Structures are given as structure tokens and as C-alpha cells.
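Heads up: the protein sequence lines correspond to chains Z and H, in order. The C-terminal position of the first sequence is numbered 190 in numbering that gives the first Met the number 0, with every residue numbered one higher than the one before it. The C-terminal position of the second sequence is numbered 143 in numbering that gives the first Met the number 0, with every residue numbered one higher than the one before it. The beta carbon of each residue, even a glycine, is placed where N, CA and C say it ideally should be. In this text the structure is predicted, and so the values were computed from the model without any measurement. Working notes, structure below.
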Amino acid sequence: MTAQESHPERTPLPVKIVVAGGFAVGKSTFVKSISEIEPLTTEAVMTRASEGVDNTGVATEKKTTTVAMDFGRITLGDDLILYLFGTPGQDRFLFMWDDLIRGAIGAVVLVDTGRLSDSFLAVDYFERRGIPFVVAVNCFYGNAYHALEEVRDALAIEADVPIFYTDARMRDATKNTLLQLVQHALTRAVS
Amino acid sequence: MPAESRHGADDEPEEEADFGRRLIRPYAVTKGRTRPTRDIPIETLVRSNTSTVPPGLGAEEREILSLVSEPISVAEIAARRGLVLGVVRVLIADLVQSGMVETSEGWSRPQSSRSSTGAASEAPPAPHTHRELLERVLNGLQSL
Numbered sequence: 000m001t002a003q004e005s006h007p008e009r010t011p012l013p014v015k016i017v018v019a020g021g022f023a024v025g026k027s028t029f030v031k032s033i034s035e036i037e038p039l040t041t042e043a044v045m046t047r048a049s050e051g052v053d054n055t056g057v058a059t060e061k062k063t064t065t066v067a068m069d070f071g072r073i074t075l076g077d078d079l080i081l082y083l084f085g086t087p088g089q090d091r092f093l094f095m096w097d098d099l100i101r102g103a104i105g106a107v108v109l110v111d112t113g114r115l116s117d118s119f120l121a122v123d124y125f126e127r128r129g130i131p132f133v134v135a136v137n138c139f140y141g142n143a144y145h146a147l148e149e150v151r152d153a154l155a156i157e158a159d160v161p162i163f164y165t166d167a168r169m170r171d172a173t174k175n176t177l178l179q180l181v182q183h184a185l186t187r188a189v190s
Numbered sequence: 000m001p002a003e004s005r006h007g008a009d010d011e012p013e014e015e016a017d018f019g020r021r022l023i024r025p026y027a028v029t030k031g032r033t034r035p036t037r038d039i040p041i042e043t044l045v046r047s048n049t050s051t052v053p054p055g056l057g058a059e060e061r062e063i064l065s066l067v068s069e070p071i072s073v074a075e076i077a078a079r080r081g082l083v084l085g086v087v088r089v090l091i092a093d094l095v096q097s098g099m100v101e102t103s104e105g106w107s108r109p110q111s112s113r114s115s116t117g118a119a120s121e122a123p124p125a126p127h128t129h130r131e132l133l134e135r136v137l138n139g140l141q142s143l
């Protein structure tokens with residue numbers, strides 16, 4: 000493995016998809032169901048001046064927060080490596096999303112119909128930025144409590160945004176979810 | 000403290016500013032530098048470009064080099080080495096600068112548009128290129 004003038008080694012390209020949704024909706028399960036590696040966690044440290052409410056009055060106080068993000072990997076053929084990144088779940092980590100979403104193919108918004116409002120943040124975020132996304136309604140036990148069109152209405156998503164059921168535990172369902180997203184991104188890239 | 004930043008039902012509680020287990024502050028290994036000398040997206044692949052490790056190279060840089068004989072992402076390097084993302088970005092930018100590693104930012108750029116400054120562009124690829132890439136991803140997923 001010596002350094003050579005030209006590189007016969009693999010030079011794959013990384014691509015990424017972001018998996019968003021409310022707390023405990025199944026993002027980690029989704030990533031794990033299809034990742035070729037045991038999902039890993041990477042941490043980012045954020046230091047910023049603390050704002051308002053819990054500030055004891057010391058204006059220069061800094062707050063340091065560790066944000067953890069789970070991710071998995073899927074090798075596609077010889078020359079592509081797809082990474083799936085789960086977003087940190089809370090509003091206060093939204094600023095991390097900009098870093099995560101940059102250059103991404105698009106996003107999967109996982110939805111738990113029992114807690115639809117948990118998905119508002121993600122839907123709003125991707126809509127505002129014009130990032131292709133699909134809404135995957137996670138049915139852990141094969142139970143859909145809401146019809147898909149009801150969910151579409153409740154989330155107020157556009158008619159062209161794909162919405163469908165998935166099961167985050169099942170590799171095939173996850174694969175299908177990713178396919179739908181890429182297909183949707185492709186449609187958007189054409190028009 | 001809710002455990003929400005580590006999403007998933009079976010996740011451990013989040014740690015906030017728990018530097019105790021690392022013994023040193025995360026950015027100590029970068030001598031306090033928090034900004035890498037180039038833009039390095041989280042999924043950027045890194046591969047070793049050298050078979051020799053110069054004496055005097057820091058322990059963390061050595062550890063990174065030992066991981067990248069095959070291309071792996073910045074996120075994986077951070078996770079496997081237990082370093083925070085920002086630190087790994089700074090260290091990798093240094094290693095790129097000294098020519099010891101190469102990244103997918105470099106090898107994915109068309110030859111004609113490789114800039115001599117090395118400043119990685121944040122701009123998305125040209126539409127037709129992006130489309131082509133999406134088609135390759137689609138094909139790849141289909142054959143899983």
C-alpha cells in the first residue's frame with residue numbers, strides 16, 4: 000500500500016439521506032434495519048451564549064451542549080456509499096440540522112400518528128428549505144390509526160409530497176422508503 | 000434532563016457537557032482551534048495518501064491515519080475514535096493540507112474545475128450531475 004502517482008484505489012462518492020421525526024418515533028430503528036454496520040453515534044459540541052430564560056444574569060455565560068447523532072452506512076455498488084443520519088430530536092438542536100442536511104439527497108420524515116405534532120418541526124424545516132422529503136408513517140404493529148390523507152391534511156403537506164406507511168423494523172420497508180425518497184428527489188430534479 | 004437528543008426508544012440518556020469521561024476538553028487536541036481550514040461535510044470520505052507517518056505527528060492524527068487505509072467518512076472516524084465531530088474536522092483539514100490524506104471532496108471534483116486553493120465548494124453539483132448521481136443511488140438501492 001505505497002503511495003503512487005495514480006490511485007488505483009477505490010474513490011467512492013459519499014451520499015447522504017437524513018432521517019427526521021419526533022423523539023422515539025423509530026429513527027434509530029429505521030437506520031439499523033438497513034445499515035451494513037452497527038449504527039454509530041457521532042457527537043458534536045456546541046458552545047453558544049445561553050439565551051434568556053435560565054440565564055442567571057451573567058451576560059457572558061456560555062453553555063456547552065453535546066449533541067448526539069446516530070448514523071448508518073450502506074454501500075451501493077462499487078462507487079457509492081450512502082449514509083443515513085438521524086437528526087437530533089429536539090427543537091433546540093435545530094441548528095445542527097443545517098450541517099446535516101447540507102448536500103443531502105433529501106429527508107425521510109418518520110411519523111407516529113399518535114403524535115403527529117412531533118413531525119411539524121421536521122416538515123416545516125424541509126419545506127422552507129426546498130429539500131425533497133417523503134413522509135413515512137411508521138406502523139410498528141401494523142396498526143394505522145389514521146388514513147394517509149388525514150395525515151397529509153393534518154401535516155398540511157403538498158399534494159406532490161409522497162406519503163406512505165412503513166415499518167422501521169423491516170429492511171424491505173426501509174429500503175422501499177429510501178427508494179421513494181430518491182425517486183421523489185429525481186422527479187424534483189427533472190422539473 | 001430529557002433523553003431526547005439520543006433519539007430512539009432504547010437510547011441512553013443524553014450527556015451534557017460531560018467532559019469528565021474524556022479527561023480533557025474536546026478541543027484541546029486541536030490547540031483550541033474550532034474552525035477547520037477547509038469545509039468538510041460530515042459524510043466526506045477520507046483515505047490515507049501516505050505509507051509513512053512522519054515523526055512528531057500527534058497521537059490523534061496517527062489514530063485517524065490508522066483508520067483510513069480504505070475510505071471512511073468523517074462521521075465514522077469521529078465515532079470510532081470517540082472524538083467530537085468538530086475536532087475531527089479540524090484534524091482532517093490539517094492532514095489534507097499536509098498531503099497525508101485525500102478526501103472525496105478532492106477526488107469527486109472534475110479535473111477541469113479543481114481549484115488550486117483547495118477551498119471546497121459548498122455548491123451542489125450541477126443539475127445534470129446531480130440527476131445522474133440520483134439515478135445511480137436509485138439503481139444501487141434497487142439492487143440491494
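Pull up the distance between the alpha-carbon of residue i and that of residue j, whole angstroms please.
i	j	result
ARG130/H	PRO54/H	45 Å
SER116/Z	LEU132/H	34 Å
LEU12/Z	LEU79/Z	5 Å
LEU143/H	ILE36/Z	15 Å
ARG151/Z	SER118/Z	11 Å
LEU99/Z	THR86/Z	8 Å
PRO131/Z	CYS138/Z	22 Å
THR51/H	VAL28/H	22 Å
ASN175/Z	LEU84/H	30 Å
ARG96/Z	ARG127/Z	Going by the sequence as given, residue 96/Z is Trp instead of Arg. Rounded to whole angstroms, TRP96/Z to ARG127/Z spans 13 Å at the Cα level.
ASP123/Z	TYR164/Z	20 Å
PRO25/H	ARG32/H	10 Å
THR102/H	PHE125/Z	28 Å
LEU39/Z	PHE94/Z	21 Å
PHE84/Z	ARG101/Z	12 Å
ALA103/Z	ASP77/Z	20 Å
GLU148/Z	LEU81/Z	31 Å
HIS183/Z	ARG168/Z	23 Å
VAL24/Z	GLU157/Z	22 Å
THR173/Z	LEU64/H	34 Å
THR10/Z	VAL67/H	12 Å
GLU69/H	ARG170/Z	26 Å
THR41/Z	LEU82/H	8 Å
ALA153/Z	TRP106/H	45 Å
PRO40/H	ARG114/Z	32 Å
VAL100/H	ARG108/H	16 Å
PHE22/Z	ARG187/Z	29 Å
ASP263/Z	PHE92/Z	Residue 263/Z falls outside the range modelled here, since chain Z spans only 0 to 190, and no answer is possible.
Can you have a look at residue i and say buried or exposed, based on whether 16 or more other CB atoms are within 10 angstroms of its CB?
i	result
GLY105/Z	buried
LYS30/H	exposed
ASP111/Z	buried
ALA78/H	buried
LEU109/Z	buried
ALA43/Z	buried
VAL189/Z	exposed
GLY129/Z	exposed
ASP166/Z	buried
SER34/Z	buried
GLU75/H	buried
THR128/H	exposed
GLY20/Z	buried
GLU42/H	buried
GLY57/H	exposed
ALA155/Z	exposed
GLU134/H	exposed
GLU104/H	buried
ARG46/H	buried
ALA67/Z	buried
ALA121/Z	buried
ALA146/Z	exposed
To the nearest whole angstrom, what separates the beta carbons of residue i and residue j, a pair I think is in contact under 8 Å?
i	j	result
LEU94/H	ILE71/H	Not really, about 13 Å apart at Cβ, beyond 8 Å.
ASN48/H	GLY98/H	6 Å
VAL73/H	VAL14/Z	Wrong, their Cβ atoms sit about 14 Å apart, outside the cutoff.
GLU62/H	ARG80/H	6 Å
VAL107/Z	LEU180/Z	6 Å
SER32/Z	ASP69/Z	Not a contact, Cβ separation roughly 12 Å.
GLN221/H	LEU178/Z	Residue 221/H is absent from the structure shown; chain H starts at 0 and stops at 143.
GLY71/Z	VAL30/Z	4 Å
THR64/Z	MET45/Z	5 Å
VAL136/Z	PRO161/Z	Going by Cβ atoms, the distance from VAL136/Z to PRO161/Z rounds to 11 Å, so no, they are not a contact pair.
Mind checking whether the beta-carbon of residue i lies closer than 7 Å to any heavy atom of the ligand HEM?
i	result
VAL86/H	This structure lacks the ligand HEM, and indeed carries no ligand of any kind.
Quick test of the definition: if touching needs 3 or more C-beta pairs under 8 Å, does the stretch 81-101 of chain H touch the stretch 34-54 of chain H?
yes
Could you pull out every unbroken alpha helix (DSSP H) segment of at least 4 residues lying fully inside the stretch 37-73 of chain H, listed in chain order?
58-66
Identify every run of the beta strand (DSSP E) within the stretch 101-143 of chain Z, keeping only runs that are complete inside it and at least 3 residues long; order them along the chain.
105-110, 132-137
Which ranges would you report for the beta strand (DSSP E) in the stretch 63-95 of chain Z if only whole runs of at least 3 residues count?
79-85
Inside the stretch 76-110 of chain H only - alpha helix (DSSP H) runs reaching at least 4 residues:
84-96, 103-106
Can you check the stretch 152-186 of chain Z for any beta strand (DSSP E) of at least 3 residues that lies completely inside it and give the ranges in chain order?
162-165
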